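Per this note's numbering, residue 622 is the first one in the sequence shown, and the count goes up by one each step. C-beta atoms are modelled at their ideal positions from N, C-alpha and C, and glycine is treated no differently. Since this is a predicted model, take the numbers as computed values, not measurements.
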Amino acid sequence: MEVTNYCFLVVFLLHHAVFSLATSENLTCGPGLSTPGYTFPKGDITLEYGSALEIYCILNPDRKENASSLSFTVNGTTIPQSAYKIVNRTTLKLYFKKHPPGRYVYHCLLDSIDDPSSKNRAVCLNVVHVGYKPKEVSNFSCISQNWENMNCTWDPPNNSVPTYYELRFYLKGDRKYSYPCPVHNVVDQNNCVWNASSNPPHRQPYAQYNFVLTAINRLGNLTKRYTVNQYARVLPNKPSNLSLVEATPNSLVISWNEGHPFKSFPPGIVNRLIYQSKWDPQTYWEVRNAVFPPKETSRMYNITGLKYPHTLYDIRVFTRSSVAPDEDFWWSEPATITLRTKPTIPGHPPLTDIGSFETSDSSIETERNVYVYWQQIPRHLENGDKFEYKIIRIEEFTDDGVKIRDITPTEVSKTFAKFTGLSFNRYKFTIVSSNSEGYSTNASYIDVPSKKQSPPEPGSFSKIAFDNGIYELSWNVAPNILSYTIFWCDNKKDRPFDCQGFLNWTKVYVNKDDLQCDENGCGLLQKNITLSGDNVYQFALSANTETSSSGMVWASCTVLPQLAKGKLRNIWISRIGSTFIELSWNLDCFVRSRIIKGFEIIYCPITDPQNSNCKEPSQNMTINGLEIINGAKVTINNLKPYTTYMLYVIAMSENKDDRIKSDALLNTTLEAAPDLVPTNMAIHKITNSSITLSWKPPVSLNGVLRYYQVIYGTDVTRVEDKSEVVYATLNNLRSFENYEIRVSACTVTCSKNSALINAITNVGRPDKMDPPIILNTTKRGIQISWKKPYYPGGYLDFFDVKLRPDRVKDHEEAPFTRLNGSLFSYQWKELECEIYQVQVRAVNVGEDNSTLEGEWSNPTSSNCMFKDKDSIDAWWYILVGVLAVIAISIAFGYFTRCMWLKCKAMQNVGVKLPPQLELNNVYKDNKFPADQPITNHIGTTQLKSLDTNIIPPPDQELLLVKKESEFIENSIEDGEDKNGDRESSGCGSGHDSVSSSITAGTHITDSGTEADERPPSPESPVFSNSPRNRSSDLRQRNISHSNGGEEGFSRLALTPASVPMGYVTVQSAPRGYVSHAPLFLDSPIRK
């Protein structure tokens, strides 16, 4: 060591000599740094553990300070002076004989003389690494993730000396070529990854990799070799597309896919399936291994032997290389799926016992009620949806034989079915389990004996509850009873509530040695039963013979053991309101054990359920008498709403010291309306459309405050602010309106209204006014009036009136006149004669003297005005004269027309012909048959003649019903136009009147007798619209009546030219005259 130190000193002195020859600029800690000196050796120092450390701190020669001003620190801690010594005036030496391993930072510091404030000025620093030569790494391992890469990792040993790791591999039989890590020469690197995109890439087909790991640092290097079987280091990805193929009640067929690379994976892969049902413990998993051919990537597996139909199964599939270790690490992440097996019929019917029924009295003496009880099957045997228990068959055994009854239970639960109104006969019930798939294969039966054959019920049945789930049951044994069945129901509540939970039972056979004796004899049987948990259990007992049972008798209450005897049970709150609480209880057990004289109920309000101390003095309520022992309902009134009360009951017996107290009952009364109203109401701000007010909540709310109700005028608004001081603004109010405001606080209902507070909104804009009324339009102008707006919104300080000529467009502004608000009329003078639009509006003056103008009213139009009143009167005279002339002309025309129509009517006077008139003479030259009918010419209305209303005889009527070819035309008259329109020549000639007397109303027969009278029919051809009827071959003549209708007559004649024109001369008829009136019927001829 002395030789080493000597050599180091020589080197240092030579180095110092060389540097002494250099300029002072080179005597710095590093390039570009201006320091008062430097250290030697320079830069980082690496030492192997066990070596000595020497550092020299040298000042520049031109410094005034000397080595005594220098010091060293390590990692910020000052080094004691004993660790270094002064070599010369400018040099200080630091020395450690055996430096501990680690990384250290040494600083050389200078206390400057020139600048006292620059104490401990840095001269230079060195980073010192003390450690070891490279050591062997640990946990070298390589993993091929999904056979797509190779990832090698290792754990470097702890070494303060920076160490570099270089990993290379070569393939089997090819040592000449090795492949480096894609990323190398990184300090303390502890992994290397080759994949398809790296350089060099991953060599997937090769099974064996030979790795060479070299560790290098400044103290030396180390090389280690590792051989890795790639196939055994493959970690597959989890399977994909895991899905259900088929399901049965006891099996599930699933399929999945392995990744693409494994289609050509030489050793192949294996799978592991684990599954559990919803009924299995969470830690229990069924495990199955599956091996498939190597090149099959699509796989299918049938999980058979599943226990539970219609059950969810959690299935997980793992994958592993077949040559990888069978360890959890080398299995892939699981692919998971939850599947349900198919449903099937229930696996079991409900269990029953010979005594699992109960009978009770009905309101009808000849009937009874029957409860049928069963034990629920385990849920994993339900096997499907819509599971329930059904009674599918009820047999009644009567004197006439067995009858099948279709009786519907009045109540059904998972444990029992209740039937009401059954007879006293024997019944047999068949019970099955049912679901959507059907009924269970087997069924259970309950036989209810007839009332006469039923064994006696167990007497004096009671139970005593001890700690740790121990119950003591006792009852009196009856003769001829073979066994007793003890039932217990896991229920949330004790009797009198019905059993709704799981029912179980056990049999107890009568043994005389088990009977206990008392003063009444030996017949008391006592049994203990232990049940787990802190649940509430109901107990029942049935007495059984070999073939029958009494049915179940329920223990109505629980008797406490001696140590807990001073406590009442079966007390509950049956009803609660905002100001009352109703208590109920059932104390059968205490009636059997002692005489109860009365009860005392003690109650008080408490702060909260966690603090049962009364916040007010307790109150009590005493009840005397035995009539309320069972099924009692006692109401405690005058309670405070929304307050938690503590209540308990004390039973009083004959012995005043024997007082039995119940557990405390806690409950909160319901909410009610606050009994106080909001207080401190105040108005804060008023505008012309809003009022802002505030108030404080009531001191007593009687519940949870939900909102406030503000009533103002006829409006109501809700405020949901629950602050200690509530502010609310009423908006959209009318201006200058007096509002009466009240506030109520609301919980479930609202309190009474608060005291009234009045507020008047500020002046605002008036409402739109009604259109003005024009009072007068004269040569002096227009005078108008108006009414106040319905809502003035203020004092109505002014009214604006506006007159706009109608020729001025609406959008053009017209001047207006502002009037004092006390005026309600105005007049414009000296206006031009034209139409004007008049409008008016109201104006208020606001609080800040601003002008608040209302909306202009709808316009009112005025007519053109006459400038001179005399000219207006002249026009009125002219108008009246014109109207008078028109009236006179109309009257004269009406009189003239009436006279002309009367003249025409005179031509239509009826003519009487001789009775022996032979019409055949008319047709003699034309060779027509003697009995040829004559068709009449039909007029449109009746003439006002003497025989207008005479009904034509039947022989005339028959002339109307002939074919169109037999019509004859009227005699030719002058003045008729080519279309047969009416005549225009005034009164007609006399021969027309004569010829017109021949009408179509008569039909003359061969015998000369008259035909029967027949009324005209609307369907007869005389009403037809035949064109022949409209032709010009028939000539007609019409006369207008004064009433505006049309009247006329027609003369009938033959169409041939041989028919003589003018008058027709006929011989006298021996039968006298035949008179007739013209037929004024609507016909096509008229048209």
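Hey, out of Tyr1412, Asp1418, Pro1238, whose CA is closest to Thr584's CA? What is shown of the chain runs 622 to 1708, which leaves residue 584 out entirely.
The beta strand (DSSP E) with Met1302 in it runs from where to where? Start and end: 1300-1307.
Does the region 960-973 come close enough to the region 1057-1077 to have 3 or more Cβ pairs within less than 8 Å? Touching, yes.
Just tell me which of Leu1260, Thr1300, Thr1308 has its CA closest to the CA of Asn1288. Check the Cα spacing between Asn1288 and each of Leu1260, Thr1300, Thr1308: the tightest is with Leu1260.
Does the region 1191-1209 come into contact with the region 1005-1020, if we say contact requires no fewer than three beta-carbon pairs (one atom in each stretch) closer than 8 Å? Segments in contact, no.
In chain order, what residues of the same chain have a beta carbon less than 7 Å from the beta carbon of Ser611, not counting five sequence neighbours either side? Given that the chain is displayed from residue 622 to residue 1708, the structure contains no residue 611 and the question cannot be resolved.
Give the DSSP bridge partners of Gln1404, in chain order. Among the bridge pairs identified by DSSP, Gln1404 is matched with Asn1397, Gln1448.
For Lys1373 and Asp1421, what's the separation of their Cα atoms in angstroms? Going by C-alpha positions, Lys1373 is about 47 Å away from Asp1421.
Rounded to whole angstroms, what's the CA-CA distance from Pro1648 to Gln1528? Just pull it up for me. Per-residue confidence for Pro1648 stands at a pLDDT of 41, beneath the threshold of 50, marking its modelled position as unreliable; the derived number appears in the next sentence. Cα to Cα, Pro1648 sits roughly 29 Å from Gln1528.
Simplified DSSP state of Pro882, which is helix, strand or coil: In the three-state reduction of the DSSP assignment, Pro882 falls in the helix class.
For Val1157, which residues of its own chain have a beta-carbon under 7 Å away from its beta-carbon, when the five flanking residues on both sides are left out? Within the same chain, Val1157 has close Cβ partners Asn1112, Lys1113, Lys1114, Asp1115.
By the 10 Å Cβ neighbour count, where 16 or more other Cβ atoms means buried, how is Leu859 classified, buried or exposed? Here the sequence assigns Lys to residue 859, which means Leu is not the residue at that position. That one is buried.
In three-state terms, what does DSSP make of Asn1063? Asn1063 falls in the coil class under three-state DSSP.
Should Asp1388 and Tyr1360 be called a contact, given that it needs their Cβ atoms to be closer than 8 Å? Here Asp1388 is not near Tyr1360, since their CB atoms are 8 Å or more apart.
Confirm, please, whether the CB-CB distance from Tyr1263 to Thr1290 is below 8 Å. For Thr1290 and Tyr1263, yes; Cβs fall inside 8 Å.
Bridge partners for Thr848 per DSSP, in chain order? Per DSSP, the beta bridge partners of Thr848 are Asn831.
At the level of alpha carbons, what is the spacing between Asn812 and Lys845? Approximately 15 Å between the Cα atoms of the pair.
Given that a residue counts as buried once 16 or more other Cβ atoms are within 10 Å of its Cβ, and exposed if not, what is Thr1438? The residue in question, Thr1438, is exposed, as its Cβ has fewer than 16 Cβ neighbours within 10 Å.
Three-state secondary structure (DSSP) of Cys813: Three-state result, Cys813: strand.
Go ahead and label Tyr1515 buried or exposed: buried means 16 or more other beta carbons lie within 10 angstroms of its beta carbon, across all protein chains shown. By the 10 Å Cβ count, Tyr1515 comes out exposed.
Quick check: what's the CA-CA separation for Asn1232 versus Met1267? Whole-angstrom Cα-Cα distance: 10 Å.
Which residue's Cα is closest to the Cα of Leu834: Cys763, Gly889, Ser1075? A check of alpha carbon separations from Leu834 across Cys763, Gly889, Ser1075 identifies Cys763 as the nearest.
Val1459 versus Tyr1416 - alpha carbon distance: If I take the Cα positions, the gap works out to 23 Å.
Quick check: Ile1304 and Ala1380, are their CB atoms within less than 8 Å of each other? Yes, these two residues count as a Cβ contact at 8 Å.
Beta-bridge pairing of Asp1336 - partner residues as DSSP gives them: In the DSSP output, where bridge partners are listed per residue, Asp1336 has Tyr1333.
Since Gly1467 is in the beta strand (DSSP E), which residue starts that stretch and which ends it? Run containing Gly1467: none; DSSP gives neither H nor E here.
Look at the alpha carbon of Tyr677 and the alpha carbon of Ala688, and state the distance between them as a whole number of angstroms. A direct Cα-Cα distance of roughly 11 Å separates Tyr677 from Ala688.
Taking 8 Å as the cut-off, does the region 720-735 touch the region 746-753 (at least 3 CB pairs, one atom from each stretch)? With a cut-off of 8 Å, the region 720-735 and the region 746-753 count as touching, because enough Cβ pairs lie within range.
Quick one: what's Pro1426 bridged to in DSSP? Pro1426 is bridged to Tyr1457.
Beta strand (DSSP E) segment containing Gly1080, residue limits: Per DSSP, the unbroken beta strand (DSSP E) holding Gly1080 starts and ends at 1080-1086.
Could you give the distance in angstroms between the alpha-carbon of Ile1378 and the alpha-carbon of Glu1455? For Ile1378 and Glu1455, the distance between alpha carbons rounds to 56 Å.
Residues of its chain near Thr1243, where Cβ-Cβ distance is below 6 Å and the 5 sequence neighbours each way are ignored: Answer for Thr1243: Glu1221, listed in chain order.
Boundaries (first-last residue) of the beta strand (DSSP E) holding Asp776: Counting along the chain, Asp776 sits inside the beta strand (DSSP E) bounded by residues 770-776.
Within 8 Å, do at least three Cβ pairs link the region 1010-1025 to the region 1036-1052? Touching, yes.
Rounding to the nearest angstrom, what Cα-Cα distance links Gln1448 and Ile1403 in this structure? Approximately 5 Å between the Cα atoms of the pair.
In this structure, how does DSSP classify Trp1206 when only helix, strand and coil are distinguished? Strand at Trp1206.
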